[in-house]
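Note that my numbering has the sequence shown beginning at 721, numbered continuously upward.
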Amino acid sequence: MRARIAALSLAVALTQAVSALSLGAQESQPDRRPGVAVLRFDNGGSQGDEAEKGDFDALGVGLQQMLLTELAQNSNLRIIERGRLNDLLAEQNLAAHGRTDQAGAAKIGKLVGARYVVLGSYMDLYGQFRMDTRVVDVETGEILKTESIRDRQEKVYDMLVDLASKIVSDVHLPPLPAQTTASRKSRNIPPEAMTLFSRALVFQDAGHKDRAIELYRRLTNQFPDMVQAREALQQLTGGSGL
721 MRARIAALSL AVALTQAVSA LSLGAQESQP DRRPGVAVLR FDNGGSQGDE AEKGDFDALG
781 VGLQQMLLTE LAQNSNLRII ERGRLNDLLA EQNLAAHGRT DQAGAAKIGK LVGARYVVLG
841 SYMDLYGQFR MDTRVVDVET GEILKTESIR DRQEKVYDML VDLASKIVSD VHLPPLPAQT
901 TASRKSRNIP PEAMTLFSRA LVFQDAGHKD RAIELYRRLT NQFPDMVQAR EALQQLTGGS
961 GL
């Protein structure tokens with residue numbers, strides 16, 4: 721009887737050991753999904769009375785982060801976080817404002833382990849908003865595809881959702897389900913929310929934590945669909961959001 725119990729115990733222990741080794745092997749497997757980095761969008765200028773110059777310039781970092789968020793909805797991609805990219809740019813003294821050519825983008829991509837780097841610019845012409853992007857292949861340094869999208873300024877967020885879909889198509893990855901894309905577009909994220917979010921990111925990057933928290937709180941209260949602001953607030957307040 722004791723021998724049988726001992727044998728069963730040994731069998732259980734061996735099974736657990738094998739499971740642990742298998743799990744550890746899975747966790748140690750490198751993430752082979754293609755990495756994507758997005759640089760800060762360049763300000764191509766604004767004509768008209770749509771926004772103050774300072775706010776419009778800050779929009780470059782907001783578009784960068786929002787496009788990263790939309791790309792992250794596709795599980796076939798590995799997203800390079802904006803904070804990690806900023807740290808690298810500061811350390812290497814590269815492209816302080818996100819302006820770079822395709823060779824520079826390829827260099828940055830290699831440093832952060834990205835397979836693709838997205839360069840973007842934006843402009844506003846009397847309420848008609850335009851975004852242009854180039855997808856750089858880090859391995860070859862070549863531009864895979866150039867995308868241009870334009871619509872009314874009120875549709876900036878929807879344009880970002882569409883732009884993310886185009887970029888995924890450019891690198892020949894499976895798209896998001898149509899219902900997921902439709903759900904993203906149903907969110908209420910007007911230009912005012914994008915502007916406030918961009919300003920908060922600028923404050924956060926500059927180390928003005930209190931001012932960033934103030935804007936993230938305002939965004940969370942006024943635009944509950946903007947989950948990025950709530951997540952940023954929780955990160956800055958240690959998860960309390962208070």
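Even glycine gets a Cβ: it sits at the ideal position worked out from N, Cα and C.
Model, not experiment: these values are computed from the prediction.
Residue i: first and last residue of the uninterrupted beta strand (DSSP E) it sits in
{"i": "Y842", "result": "836-845"}
{"i": "F849", "result": "848-857"}
{"i": "I869", "result": "863-872"}
Helix, strand or coil at residue i [DSSP, three-state]
{"i": "R937", "result": "helix"}
{"i": "L953", "result": "helix"}
{"i": "N806", "result": "helix"}
{"i": "Q793", "result": "coil"}
{"i": "S903", "result": "helix"}
{"i": "I909", "result": "coil"}
{"i": "Q964", "result": "With the chain covering only 721 through 962, there is no way to say anything about residue 964."}
{"i": "R753", "result": "coil"}
{"i": "F943", "result": "coil"}
{"i": "D762", "result": "strand"}
Supposed contact pair residue j and residue i - C-beta distance, whole angstroms, cut 8 Å
{"i": "V856", "j": "G829", "result": "7 Å"}
{"i": "D945", "j": "I909", "result": "6 Å"}
{"i": "R835", "j": "P754", "result": "4 Å"}
{"i": "N806", "j": "D925", "result": "6 Å"}
{"i": "I799", "j": "L788", "result": "6 Å"}
{"i": "R802", "j": "Q784", "result": "6 Å"}
{"i": "E790", "j": "A884", "result": "4 Å"}
Beta-carbon spacing of residue i, residue j below 9 Å
{"i": "G861", "j": "L759", "result": "no"}
{"i": "M786", "j": "L880", "result": "yes"}
{"i": "V756", "j": "V876", "result": "no"}
{"i": "E904", "j": "Q793", "result": "The question names Glu, yet the displayed sequence has Arg at residue 904. Yes; because the gap between Cβ atoms is below 9 Å, this pair is in contact."}
{"i": "R872", "j": "M851", "result": "no"}
{"i": "L779", "j": "Y846", "result": "no"}
{"i": "V888", "j": "L797", "result": "yes"}
{"i": "Q812", "j": "L831", "result": "yes"}
{"i": "A963", "j": "Y936", "result": "Outside the displayed span of the chain (721 to 962) sits residue 963, for which this structure offers no information."}
{"i": "D890", "j": "E867", "result": "yes"}
{"i": "L956", "j": "G782", "result": "no"}
{"i": "T940", "j": "R931", "result": "no"}
Where the alpha helix (DSSP H) containing residue i begins and where it ends
{"i": "K886", "result": "876-890"}
{"i": "A926", "result": "Looking at the DSSP string, A926 is not in any alpha helix (DSSP H), and its letter there is neither H nor E."}
Short CB-CB distance (under 9 Å) between residue i and chain C
{"i": "D890", "result": "This model lacks chain C altogether, as it is built from one protein chain only."}
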